[in-house]
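Read through the structure below, which is laid out as structure tokens, and then see the notes.
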Amino acid sequence: SKTPVRVAVTGAAGQIGYALLFRIASGEMLGKDQPVILQLLEIPDEKAQKALKGVMMELDDCAFPLLAGMQAHADPMTAFKDADYALLVGSRPRGPGMERAELLSINGAIFTAQGKALNAVASRNVKVLVVGNPANTNAYIAMKSAPDLPAKNFTAMLRLDHNRAASQIAAKTGKPVSAIEKLAVWGNHSPTMYADYRYATIDGASVKDMINDQAWNKDVFLPTVGKRGAAIIEARGLSSAASAANAAIDHMRDWALGTNGKWVTMGIPSNGEYGIPKEIMFGFPVTCENGEYKIVEGLEIDAFSQECINKTLAELQGEQDGVKHLL
Ligand code: NAX
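So for the sequence shown, the UniProt record's numbering puts the first residue at 2; every next one is plus one.
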């Protein structure tokens, strides 16, 4: 059987962690033949560490055949040791009344420390996914703090936006979500992201032609997908957790095991594609093969799409300028 791989997860006692760890341990992320060792990081706070122990007791009680080991950590330098995969879920999202500068400086501290720790102790091939918000900028900070690791190994989660867009299109067209291909979400994981179905197909037919309603795109689809996170909070009293964990599983599984030519969305450092400045952590359509992602290139960007892309890019550049002094 295969050698176990090491999967580090931060924020492991949080609500996304609770929806994520059991699926990683059951083989849904890396395959039903791939044993995993979970390296779980929480803040040193006694309550958080105790809650983490409780989650680990439940993981034990699942008797997962693929769970080859697990440890609790309070220090990224030990949590990330030899990690093959790192899912950075724990962060400080923006609270009510929190100033932007405060948000950026708290997360700056978390993600510079975690980037440095990955740089020092993780596998040289570690695949990093940042879920914790602001996800793109946190991923950018971690990447810039890990100069000895390939920049391409750092990614941010846009997959929840991608899956939300697919689900809205399925509802609008009355077609199964599994039949939708060639969907893309550009930019920042925030309400400015641009979900783009101009190239999408269902059983080979154009989704754009099927819907044929630019007003629906602009006035219904984009705001619904962009504000979906807020709508979940409003309905549930808590932010998206199971759907976020599911998107993290999708992102890592596709990156590791490939997409068979299917497009998915990942937040990745730009190499200048589509005029996005280098190193900006931006949502792009990609395909994955042999453990590598590749941007879908050559798509035409019309005036409306360019306007949307410029807006989400400007927001990201603002965020990244706000953390430059930390790097
Ligand atoms: P919770 O508050 O339930 O859990 C977060 C956990 O992270 C807590 O247990 C906390 O102790 C821990 N933590 C905080 N700082 C840490 C650090 N430096 N090292 C290790 N652990 C640390 O939040 P949850 O609902 O699980 O959400 C986690 C993050 O995901 C939030 O930032 C949230 O905004 C973000 N999200 C991102 C999404 C995306 O699509 N990219 C969607 C869902 C979610 O909103």
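Cβ atoms here follow ideal geometry from the backbone N, Cα and C, with glycine treated the same way.
Item to check | Same chain only: Cβ atoms within 7 Å of K176, ignoring 5 sequence neighbours per side | outcome: I203
Item to check | Those runs of the beta strand (DSSP E) which lie wholly inside the segment 49-134 and span at least 3 residues | outcome: 68-74, 86-89 and 128-131
Checklist entry - Just to confirm, are Y198 and I310 a CB contact at a threshold of 8 Å? => result no
Checklist entry - Does the ligand NAX have even one heavy atom less than 7 Å from the beta-carbon of P94? => result yes
Next on the checklist: So, with DSSP's three-state summary, where would you put G175?
Outcome noted: coil
Checklist entry - Start and end of the beta strand (DSSP E) containing K279? => result Taken as a continuous stretch (DSSP letters only), K279 belongs to no beta strand (DSSP E), as it is neither H nor E.
Checklist entry - Between the segment 21-37 and the segment 98-107, do at least 3 Cβ pairs fall closer than 8 Å? => result no
Next on the checklist: Would M71 and M253 qualify as a contact pair, given that the criterion is a beta-carbon distance under 8 Å?
Outcome noted: no
Item to check | Whole-angstrom C-beta distance between V10 and I38, which should lie under 8 Å | outcome: That pair is no contact at about 11 Å.
Checklist entry - Should the segment 38-56 be regarded as contacting the segment 70-86, the criterion being three or more beta carbon pairs within less than 8 Å? => result yes
Next on the checklist: Along the chain, where does the beta strand (DSSP E) containing I296 start, and where does it finish?
Outcome noted: E293 to I296
Next on the checklist: From the DSSP secondary-structure annotation, give me the bridge partner or partners of P148.
Outcome noted: None; P148 has no bridge partner.
Checklist entry - Are the CB atoms of N134 and P94 nearer to each other than 8 Å? => result yes
Checklist entry - Based on the DSSP secondary-structure assignment, which residues constitute the bridge partners of I181? => result I203
Item to check | Burial state of K219 (16 or more Cβ within 10 Å) | outcome: exposed
Item to check | Cβ pair V208, I170 closer than 8 Å | outcome: yes
Checklist entry - In terms of alpha-carbon separation, which member of V132, F285 and A118 lies closest to L89? => result V132
Next on the checklist: On the DSSP bridge list, what partners appear for V221?
Outcome noted: The partner list for V221 (beta bridge, DSSP) is empty, contrary to what the question assumes.
Checklist entry - Taking the Cβ atom as the reference point for each residue, do V127 and T156 lie within a distance shorter than 8 Å? => result no
Item to check | heavy atom of the ligand NAX below 7 Å from M158 C-beta | outcome: yes
Checklist entry - Looking at C-beta atoms only, is the number of pairs between the segment 285-293 and the segment 312-325 that lie closer than 8 Å three or more? => result no
Next on the checklist: At a threshold of 7 Å, does G15 count as lining the ligand NAX (C-beta to nearest heavy atom)?
Outcome noted: yes
Checklist entry - If you compare alpha carbons, which of V265, N164, K145 and S124 is closest to T109? => result According to the sequence as given, residue 109 is Gly; it is not Thr. Per the Cα distances, K145.
Checklist entry - In chain order, what residues of the same chain have a beta carbon less than 6 Å from the beta carbon of C289, not counting five sequence neighbours either side? => result D255, W256, G259 and T260
Next on the checklist: What would DSSP say about Y19, mapped onto helix, strand or coil?
Outcome noted: helix
Checklist entry - Any heavy atom of the ligand NAX within a distance shorter than 7 Å of the CB on H252? => result no
Checklist entry - Nearest to H326 by CA position, among A246, V297, A123 and I142, is which residue? => result I142
Item to check | Member of L119, K82 and L161 whose CA lies at the smallest distance from the CA of T6 | outcome: First, the residue type needs correcting, since residue 6 is Val and not Thr in the sequence shown. The option with the nearest alpha carbon to V6 is K82.
Checklist entry - Can you tell which of G299, N272, S306 and P278 has the C-alpha that lies nearest to the C-alpha of Q321? => result P278
Checklist entry - Leaving out five residues before and five after I250 in sequence, what residues of the same chain have Cβ atoms less than 6 Å from its Cβ? => result R24, E29 and M30
Checklist entry - Does the ligand NAX have a heavy atom nearer than 7 Å to the CB of E43? => result yes
Checklist entry - Who does P5 pair with in a DSSP beta bridge? => result Answer by DSSP bridge pairing: none, since P5 is not bridged.
Item to check | Span of the alpha helix (DSSP H) around I302 | outcome: Neither: I302 is in no alpha helix (DSSP H) and is coded neither H nor E.
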